[in-house]
DNA sequence: CTGATCATGTAAGGGGTTACATGATTTT
DNA sequence: AAAATCATGTAACCCCTTACATGATCAG
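Protein chains in written order, with UniProt numbering: chain W, 1 to 176; chain S, 1 to 176.
Now the structure itself:
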C-alpha cells in the first residue's frame, strides 16, 4: 500500500457516508476487507484521535451519557481534505496512477461521480498500457533465458492481469 | 509484501546464482524490479551485515586488496536456510498460499525445479479457486447496492485477475 | 454467572522510506 | 577538471503488527 497514511483517507471516506465509532470502522474493514485492506484497533484508535486533533472529524454528542462509545462524524474541513485527495489523480498534471492509489479511490467513486470515475478509469488505462508495453519488452528479453524462467512466468502473469484490467475498464467506460 | 523479512530470502536467492556485492544486488533490483520488489541501500547493506553475522553468507576473499568492494557468497548454511524457506509452502500441512509468498517463490523456482514448480502452481490454483468462490458470493451481495458501486468494480477486477491467473497456471502445469 | 461480544486504548518492535554522509573510480 | 557512477554505510521517521490491558454489556 502507498506510504502516506492511507488509513486516514479510508476513515474519512467511510465517515462521509455516516457517523461511526472506531469499533464500527474495524467491523467494516473485517466485513469488506480481503480485496483491499485491513487495520487493527491499535492503528484505528490512535488515528481517530489524531484526526480529531486535526479537526478533520468531530465527536457526535451522545444522547446516552452512560456509554463510553465515541461516535465520530466528518467535519467540513475533513470533507474538503478528503475530496481534494480523492480527485488529486485527476489533476491535469497527473500522467500515471499506480494500482494501490487507483483501487483506493475507485472504492469511493460511486454512481454520483460518474464523470470523475471515467476520468480515473481512463487514466488507469493509460498507465496500464505503458506498463504493458514495458512488460512486453522485458518478456522478449527474458524468453530463452532458462535461468530466468520463474521471472518469465511472473511477467506473463502481470501481463495477463493488466490486459484483463484494461479490458474491464474500457468496458466500464463505454457503459452509459 | 509479507511481514517476515523477505529481503533476506531475495538476497540469498540471488546469491545462489553468483557472488555479488550490495551494489550489484541493488542494480539487480532496479533492473528486474517493477514486477516484484525493490530495496534501498539503507536496507540492503545492514541486511548483508546481519546475514554475515548469522553465517548465512560470507565474504569472498578479494584478490584486489585496494578495493573497498565487498563481494558476498552464500554459505552451505545459507543454502539450506534458503531451500527450506523456498519449499515451505509445499509442506503437506500447507493449504493456502497468498500472492506475495507465491510470487516470491515462483521467481526462484526455475527449470531445474519443475516438480516443485508444478506443486506450487497447483497449490496456488487451489487458493485462487477458494478466493474466487468467496468473491462470487461478495459480488452477489453487492450487486444492486449502488452505494457500493466502487467496491463492485474492485471485486470484478479481482475476479478477472484471479481467473486469468488460474487459466495461466493450469496451462503451465499441463506443459511438459 | 459465564462466556461472547462490544468498546477503547497503550507498548514494543520490525521493516521500509527518505535524508544524510563519505569517498573512490570512471567517463566526458 | 568536472560530472557521473561506483561503493558503503548511518540516522530519523513513519507505518504496521503483535501483544498486552481494561472494563461494560449482552446472551445462554
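Note that the Cβ used here is the ideal one computed from N, Cα and C, for glycine as well.
These numbers were taken from a predicted model, which means no experiment stands behind them.
- What residues from the region 92-126 of chain W come within 7 Å of chain S, judged by C-beta to C-beta, listed N to C? 103, 106, 107, 108, 109, 110, 111
- Item | Three CB pairs or more closer than 8 Å across the region 108-122 of chain S and the region 51-60 of chain S | no
- Any idea what DSSP makes of residue 58/S, helix, strand or coil? strand
- What residues from chain S crowd round residue 164/W, counting only those whose CB sits closer than 7 Å? Chain S residues near residue 164/W: 160, 161, 164.
- Message: Short of 7 Å Cβ to Cβ, which residues in the region 137-161 of chain S face chain W?
- Response: 146, 147, 149, 150, 151, 153, 154, 155, 156, 157, 158, 160, 161
- Query: Can you find a CB in chain W that lies within less than 8 Å of the CB of residue 1/S?
  - Reply: Residue placement at residue 1/S is flagged as unreliable, the pLDDT there being 44, under the threshold of 50; a coordinate-derived value is accordingly withheld.
- Item | Ordered list of alpha helix (DSSP H) runs contained in the region 91-122 of chain W, each at least 4 residues | 99-106
- Excluding five sequence neighbours on each side, which residues of the same chain lie with their C-beta closer than 7 Å to the C-beta of residue 186/W? An answer regarding residue 186/W cannot be provided, because it is not within the stretch 1 to 176 covered by chain W.
- Beta-carbon proximity of residue 124/W to residue 169/W, cut-off 8 Å: yes
- Message: What does the Cβ neighbour count give for residue 161/S, buried or exposed, with the cut at 16 atoms within 10 Å?
- Response: buried
- Which term fits residue 1/S, buried or exposed, when burial requires 16 or more other beta carbons within 10 angstroms of its beta carbon? The pLDDT assigned to residue 1/S is 44, lower than 50, so where the model puts this residue is not dependable; a value taken from the coordinates is nonetheless given after this. So residue 1/S ends up on the exposed side.
- Could you have a look at residue 73/S and say whether DSSP puts it in helix, strand or coil? strand
- Tell whether a beta-carbon distance below 8 Å holds between residue 179/W and residue 21/W. Because chain W in this structure spans residues 1 to 176, residue 179/W falls outside the shown range and cannot be described.
- Take residue 163/W and list the residues in its own chain whose beta-carbon comes closer than 7 Å to its own, dropping the five residues that flank it on each side. 132
- Message: Need the endpoints of the alpha helix (DSSP H) that residue 28/S sits in, please.
- Response: 22-32
- Kindly give me the distance between the Cβ atoms of residue 177/W and residue 113/W, rounded to whole angstroms, as I take these residues to be in contact under 8 Å. Shown here, chain W extends from 1 to 176; a query on residue 177/W therefore has no answer.
- Task: Establish whether the CB of residue 168/S and some CB of chain W are separated by less than 8 Å.
- Result: yes
- Measure the Cβ-Cβ separation of residue 23/W and residue 104/W and say whether it is below 8 Å. no
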